[in-house]
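Structure first, commentary second.
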Amino acid sequence: MDNIEKIIEIIKEELGSELDPDITITPDLDLAADLHVDSLDKVLIVGDIEKAFDIVFSNDDLSNVRTISDIVEKIDEIKGRAADA
Numbered sequence: 008m009d010n011i012e013k014i015i016e017i018i019k020e021e022l023g024s025e026l027d028p029d030i031t032i033t034p035d036l037d038l039a040a041d042l043h044v045d046s047l048d049k050v051l052i053v054g055d056i057e058k059a060f061d062i063v064f065s066n067d068d069l070s071n072v073r074t075i076s077d078i079v080e081k082i083d084e085i086k087g088r089a090a091d092a
């Protein structure tokens, strides 16, 4: 399972019955506009992603995150910073 698939699974698990069954989650969907992820959902999803990928997001890391692709880019950045440290 690649990072995108793992994040999609986390989102599906967290949103559960709130998720529109007619929506196919793709990497470029807007989390808020397309998936109706609110601030509480985002906190829960981010926590699950941090656990799954063994990382910690800063507020700056999340300030411009709108899509799953954005999340994957941030994960790669964080892992890159950790490898450089």
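Residue numbers for the sequence shown follow the working numbering, so the first one is 8 and each next one is one higher.
Think of the CB as a built atom: it goes at the ideal place given N, C-alpha and C, for glycine as much as any other residue.
Quick caveat, the model's predicted, so the values are computed rather than measured.
- Within the same chain, ASP77 come within 8 Å of ASN71 by CB-CB distance, once the 5 residues on both sides are set aside.
- Between ILE52 and ILE11, the C-beta gap is not smaller than 8 Å, which leaves the two residues out of contact.
- For GLY23, no alpha helix (DSSP H) segment is defined, and its DSSP state is neither H nor E.
- For LEU36, same chain residues with a beta-carbon under 8 Å away, outside a window of 5 residues either side, are ILE30, LEU42, THR74 and ILE75 in chain order.
- For ASP68, the three-state secondary structure derived from DSSP is helix.
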